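The opening position of the sequence shown corresponds to residue 856 in the numbering used here, with each subsequent residue numbered one higher. For every residue, glycine included, the Cβ atom is placed at its ideal position computed from N, Cα and C. These numbers were taken from a predicted model, which means no experiment stands behind them.
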Amino acid sequence: MPISRSIEPRFRPRRAYVMAAAVTGALLTAAPAAADGTPTAPDGGGAANGKPTVVLVHGAFADSSSWNGVVERLQRDGFNVIAPANPLRGLASDSAYTASVLKSIKGPIVLVGHSYGGAVISSAAAGNPQVKSLVYISAFMPDKGETLGQLAAKLPGSELNSALKPTPFQSGDGTKGTDLYIQAAKFRDVFAADLPARMTKQMAATQRPISAAAFMDKASAAAWRTIPSWALVARHDKSIAPALERFEAKRAGSHTIEIDSSHVAMLSHPDVVTNMIRAAAGQKEPTLASTGSKTLALAVTGGIAGVSVIAGALTMMAARRRRRTAS
């Protein structure tokens, strides 16, 4: 029948294209899951894939979320990452707490500290053979017996003291003390001048205070004397003087880089910070495969090529059927 012959040739090729499109979608959707560089180990990587665990310790006026951009990049590379909450109650107690976190980890560790977190990791890593390298991001790096107050006064350039807002507190056991906040009106200029104002306004509202006692505690150890270290100097830092950061890095013999950044380089320059951590982990340069870029491109290209073959085959089959029907 003429009508039947008219309908059949149009229907089957269209069905072939629909099938090819469905296969294309399935392959392209599945490709990133296998090629985006995410680890296959159930614990997120770490020693299971030959890479150290990266432990990220935040500083004062912040929390673990300040590492989010760095965490995302490291996880994409297959690193197991832990960013514990720093109590910010005192150098001795904070270092002891962090040391206990380190002891719970199996295999080698790259230990990273920002700001006050640098002082914490310097003591927490002492005597722990699993800590293979230390990374300091615009951080305090006290020597044994130094207080952060003494260290901060060593060289000019910090504007933090005049921006602080002391606030009395009382613990559950009746112990009294003083918490230090950064005044909201000065937060962006002193702490994070290269971040958007809307973002720093939120950061100021959610900042975690540090006990003033933390600046009076003497450092119990200086792990950078025995463990290889990397240091980032933020040239536009107004919380810790850049001159002090340079002094500390030189004293420790750290592998050092300087960048045009505020105090929070891990937020404003997460790629630079991540690359420094990679270097401390023994990965000199990030590879395309490790970030997923190259692998994903190859997977997608391969998927499209495969789908093209399938689509071609389906189209040829439909054309043959059409010719047979027409004849």
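Legend entry - CA nearest to the CA of Q1038, picked from G924, S1075, L1050 and A1060: As a first step, residue 1038 is located in the sequence shown; it is residue number 183 there, counting from the start. Distances from the CA of Q1038 to each of G924, S1075, L1050 and A1060 were compared; the closest alpha carbon is that of A1060.
Inset, instruction - Could you tell me if F1024 is buried or exposed, where buried requires 16 or more neighbouring beta carbons within 10 angstroms of its beta carbon? - result: By one-based count along the sequence shown, residue 1024 stands at place 169. Around the beta carbon of F1024, a 10 Å sphere encloses fewer than 16 other beta carbons of the protein chains shown; the residue is thus reported as exposed.
Legend entry - Option nearest P907 by Cα separation, candidates I1114, V967 and F916: Residue numbering aside, residue 907 sits at position 52 when the sequence shown is read from its first letter. The candidate whose alpha carbon is nearest that of P907 is V967.
Legend entry - Cα-Cα separation, P984 to W922: Looking up residue 984 in the sequence shown gives position 129. Looking up residue 922 in the sequence shown gives position 67. P984 and W922: Cα-Cα distance of roughly 25 Å.
Inset, instruction - Could you tell me if S950 is buried or exposed, where buried requires 16 or more neighbouring beta carbons within 10 angstroms of its beta carbon? - result: For the purposes of this step, residue 950 is taken as the residue at position 95 of the sequence shown. Within a 10 Å sphere around the beta-carbon of S950 sit 16 or more other beta-carbons, which makes this residue buried.
Legend entry - Per DSSP, the bridge partner or partners of G968: Translated into the one-based positions of the sequence shown, residue 968 becomes position 113. Answer by DSSP bridge pairing, in chain order: V912 and Y991.
Legend entry - beta-carbon S948 near the ligand GTP non-hydrogen atom, thresh 6 Å: The ligand GTP is absent from the structure shown, which contains no ligands of any kind.
Legend entry - Close beta carbons around G945, own chain, < 7 Å, minus the five adjacent residues each side: On the sequence shown, position 90 is the one that residue 945 refers to. Annotation for G945: S1066, A1068, A1069 and D1072 place their beta carbon closer than 7 Å to its own, counting only its chain and skipping 5 residues before and after.
Inset, instruction - Count the other C-beta atoms from every protein chain shown that fall within 10 angstroms of the C-beta of K1105, then say buried if there are 16 or more, exposed otherwise. - result: On the sequence shown, position 250 is the one that residue 1105 refers to. Residue environment analysis places K1105 among the exposed positions, since fewer than 16 neighbouring C-beta atoms fall within 10 angstroms of its C-beta.
Inset, instruction - Keeping to the same chain, check which residues put their C-beta closer than 8 Å to that of Q1234; ignore five residues upstream and five downstream. - result: Because the chain is modelled from 856 through 1182, residue 1234 falls outside the range shown and cannot be assessed.
Legend entry - Residues of its chain near L1010, where Cβ-Cβ distance is below 7 Å and the 5 sequence neighbours each way are ignored: Translated into the one-based positions of the sequence shown, residue 1010 becomes position 155. Hits under 7 Å: A1096, A1098, L1099 and F1102.
Legend entry - F995 versus A1136, R1133, G982 and H913, residue with shortest Cα-Cα distance: Along the sequence shown, one-based indexing puts residue 995 at 140. Closest option to F995, judged by alpha-carbon separation, among A1136, R1133, G982 and H913: H913.
Legend entry - Selection from S948, A1076 and A1135 that minimises the alpha carbon distance to G1000: Reading the sequence shown from its first residue, position 145 is the one you call residue 1000. Comparing Cα-Cα distances from G1000 to each of S948, A1076 and A1135, the minimum goes to A1076.
Legend entry - Reference K1083; option with closest CA among G1137, G933, E1014 and P939: Locating residue 1083 in the sequence shown gives position 228, where the first residue counts as 1. Position check: residue 1083 holds Pro in this sequence, whereas Lys was assumed. The option with the nearest alpha carbon to P1083 is G1137.
Legend entry - 3-residue-minimum beta strand (DSSP E) runs that sit fully inside the region 921-973, ordered along the chain: Unbroken beta strand (DSSP E) stretches of 3 residues or longer found wholly inside the region 921-973: 964-969, given in chain order.
Legend entry - Own chain residues within Cβ distance below 8 Å of S948, not counting five before or after: Mapped onto the sequence shown, residue 948 falls at position 93. Here S948 has P942 as same chain residues with Cβ atoms under 8 Å from its own Cβ, once five neighbours each way along the sequence are excluded.
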